[in-house]
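Colleague:
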Amino acid sequence: MKRARIAYSGGVHDAVEENGLLRLNDGRLVSEDEVIWLPPVQPRTVFALGLNYADHAKELAFNAPEEPLVFLKGPNTFVGHKAETHRPDGVDYMHYECELAVVIGRKTRNVKRDDAYHYVEGYTIANDYAIRDYLENYYRPNLRVKNRDTCTPIGPWLTDREDIKDPMNLQIRTYINDQLTQEGTTKDMIFDIPALIEYLSSFMTLDKGDIILTGTPEGLKGVKARDKVVTEIEGIGRLENMIVGDSKFNRKSKVDVKESTVNHN
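Last residue of the sequence shown: number 265 in UniProt numbering, and the count goes up by one each step with no gaps.
Pasting the structure below:
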């Protein structure tokens with residue numbers, strides 16, 4: 001089953017995919033174009049993997065890590081399908097990162113790799129944009145690279161674990177303005193999903209709703225304002241978003257702040 005969270009008619013709803021439509025939790029059927037897509041999971045702790053594909057590490061002239069290179073992401077980085085991502089004016093190189101996102105389904109502590117999949121609720125797609133201009137180094141990504149507002153579209157669907165036969169053998173593709181620019185496969189991960197769950201749960205408790213972003217393969221290209229970017233993972237879906245510059249982003253941010261102020265007074 002493919003599940004989503006959407007805003008529609010003044011409310012937030014859980015929904016499931018049904019013959020190309022969305023069935024809301026109150027039974028109504030609506031088209032995908034009528035709704036505002038939200039992240040399919042309300043992110044809790046989000047773990048992001050750096051250099052988890054050997055071809056990507058080579059592409060960036062770095063050695064592949066000997067243990068998982070993990071950093072954390074804040075909740076304000078996430079936006080939904082068809083949302084806008086901000087590219088600051090004046091930066092030289094901002095690129096996409098299509099990633100398989102693993103959603104934890106229950107409390108997880110000291111899990112061995114053979115049991116790891118039992119703790120997975122499902123999978124979604126994340127596009128974890130990075131701005132190379134802000135990067136200190138790939139072994140210590142700084143806050144401005146990976147924790148900027150709107151820098152990580154995620155969705156559209158949370159696809160149930162049972163519906164993905166082998167998450168370690170899925171095709172990954174990215175398109176800029178309908179042109180294919182990245183193509184890879186999850187089988188090329190350095191640390192696979194069971195290894196990552198075993199590693200993280202060996203020293204901390206994972207909870208339902210935590211997310212692991214598993215890294216991206218080679219094939220990065222720069223994006224600019226007004227680009228449409230689609231990230232696609234076999235069996236899970238297609239995640240689309242638009243890149244916007246300072247003027248449009250700042251106008252929208254002022255409106256959002258004003259609406260928030262009114263709603264809290």
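Each residue gets a CB set at the ideal place from its N, CA and C atoms; glycine is no exception. Owing to the predicted nature of the structure, the values given are computational and were not obtained by experimental measurement.
For Glu18, report the span of its alpha helix (DSSP H) as first-last.
Modeller: If you number the sequence shown from 1, residue 18 lands on position 18. Taken as a continuous stretch (DSSP letters only), Glu18 belongs to no alpha helix (DSSP H), being part of the beta strand (DSSP E) at 11-18.
Colleague: In whole angstroms, give me the CA-to-CA distance for Arg23 and His13.
Modeller: As a first step, residue 23 is located in the sequence shown; it is residue number 23 there, counting from the start. As a first step, residue 13 is located in the sequence shown; it is residue number 13 there, counting from the start. One C-alpha to the other measures close to 10 Å.
Colleague: How would you write the range of the beta strand (DSSP E) that Val145 sits in, first residue to last?
Modeller: Indexing the sequence shown from 1 puts residue 145 at position 145. Run containing Val145: none in the beta strand (DSSP E); it sits in the alpha helix (DSSP H), 143-146.
Colleague: Taking only runs that begin and end inside the segment 117-185, name each unbroken beta strand (DSSP E) of 3 or more residues, in chain order.
Modeller: Listed in chain order, the complete beta strand (DSSP E) runs (minimum 3 residues) inside the segment 117-185 are 120-127, 152-160, 171-176, 179-185.
Colleague: Between Val120 and chain C, is any beta-carbon pair separated by less than 8 Å?
Modeller: The chain labelled as chain C is not found in the depicted structure, where only one protein chain is given.
Colleague: Measure how close the beta-carbons of Tyr53 and Gly215 come, nearest whole angstrom, since I'm counting them as under 8 Å.
Modeller: Walking along the sequence shown from the start, residue 53 turns up at place 53. Walking along the sequence shown from the start, residue 215 turns up at place 215. The pair is a contact, with the Cβ atoms about 6 Å apart (cut-off 8 Å).
Colleague: Quick check: the Cα distance between residue 278 and Pro156, rounded to an integer number of angstroms?
Modeller: With the chain running from 1 to 265 in the structure shown, residue 278 is simply not present.
Colleague: Does DSSP classify Ile243 as helix, strand or coil?
Modeller: As a first step, residue 243 is located in the sequence shown; it is residue number 243 there, counting from the start. It is a strand residue.
Colleague: So the alpha helix (DSSP H) Glu99 belongs to, where does it begin and stop?
Modeller: Counted from its first residue, the sequence shown places residue 99 at position 99. Glu99 -> not in any alpha helix (DSSP H); beta strand (DSSP E) instead, spanning 98-104.
Colleague: Report the partner residues of Glu232 according to the DSSP bridge assignment.
Modeller: The residue labelled residue 232 in the question sits at position 232 within the sequence shown. The partner list for Glu232 (beta bridge, DSSP) reads Arg173, Arg238.
Colleague: For the candidate residues Asn127, Asp166, Asp26, whose alpha-carbon lies nearest to that of Asn78?
Modeller: Working through the sequence shown from its first residue, we reach residue 78 at position 78. As written in the sequence, residue 78 is Phe, which differs from the Asn given in the question. Of Asn127, Asp166, Asp26, the residue nearest in Cα terms is Asn127.
Colleague: What is the C-beta distance between Gly184 and Gly219, in whole angstroms, given that I count them as a contact (C-beta under 8 Å)?
Modeller: Within the sequence shown, the letter at position 184 stands for residue 184. Within the sequence shown, the letter at position 219 stands for residue 219. Correct: roughly 6 Å between the Cβ atoms.
Colleague: Whole angstroms is fine: what's the gap from Asn76's alpha carbon to Cys151's?
Modeller: Position 76 of the sequence shown, counted from the first residue, corresponds to residue 76. Position 151 of the sequence shown, counted from the first residue, corresponds to residue 151. C-alpha separation (whole angstroms): 9 Å.
Colleague: When you compare the CB positions of Ile176 and Asp227, do they come within less than 8 Å of one another, or not?
Modeller: The count along the sequence shown starts at 1 and reaches residue 176 at position 176. The count along the sequence shown starts at 1 and reaches residue 227 at position 227. Cβ atoms of Ile176 and Asp227: closer than 8 Å.
Colleague: Alpha carbon to alpha carbon, how far is Val230 from Pro39?
Modeller: Working through the sequence shown from its first residue, we reach residue 230 at position 230. Working through the sequence shown from its first residue, we reach residue 39 at position 39. Between Val230 and Pro39, the C-alpha separation is close to 16 Å.
Colleague: If Lys112 and Lys208 are in contact, beta carbons under 8 Å, what's the gap, nearest whole angstrom?
Modeller: One-based indexing of the sequence shown puts residue 112 at position 112. One-based indexing of the sequence shown puts residue 208 at position 208. Lys112 to Lys208, Cβ: 20 Å. No contact.
Colleague: So what does DSSP say about Lys221, is it helix, strand or coil?
Modeller: The residue labelled residue 221 in the question sits at position 221 within the sequence shown. Lys221: coil per DSSP, three-state reduction.
Colleague: What does a CB cutoff of less than 6 Å around Leu69 pick up in its chain, not counting 5 residues either side in sequence?
Modeller: As a working mapping, residue 69 is identified with position 69 in the sequence shown. Cβ within range, chain order: Gly50, Leu51.
Colleague: Is the number of C-beta pairs between the segment 199-208 and the segment 237-250 that are closer than 8 Å three or more?
Modeller: The answer is no - the segment 237-250 does not touch the segment 199-208, with fewer than three Cβ pairs under 8 Å.
Colleague: Closer than 8 Å by C-beta to Leu21: which residues in its own chain qualify, once you throw out the five before and the five after it? Chain order, please.
Modeller: In the sequence shown, the residue the question calls residue 21 occupies position 21. Excluding positions up to five away in sequence, the list reads Leu29, Val30, Ser31, Glu32.
Colleague: For Arg5, does the count of other Cβ atoms within 10 angstroms reach 16, so buried, or fall short, so exposed?
Modeller: Within the sequence shown, residue 5 is the residue found at index 5, counting from 1. The residue is buried, with at least 16 neighbouring Cβ atoms inside 10 Å.
Colleague: I need the straight-line Cα distance from Tyr117 to Pro194, nearest angstrom please.
Modeller: Numbered from its first residue, the sequence shown carries residue 117 at position 117. Numbered from its first residue, the sequence shown carries residue 194 at position 194. Computed Cα separation, rounded: 7 Å.
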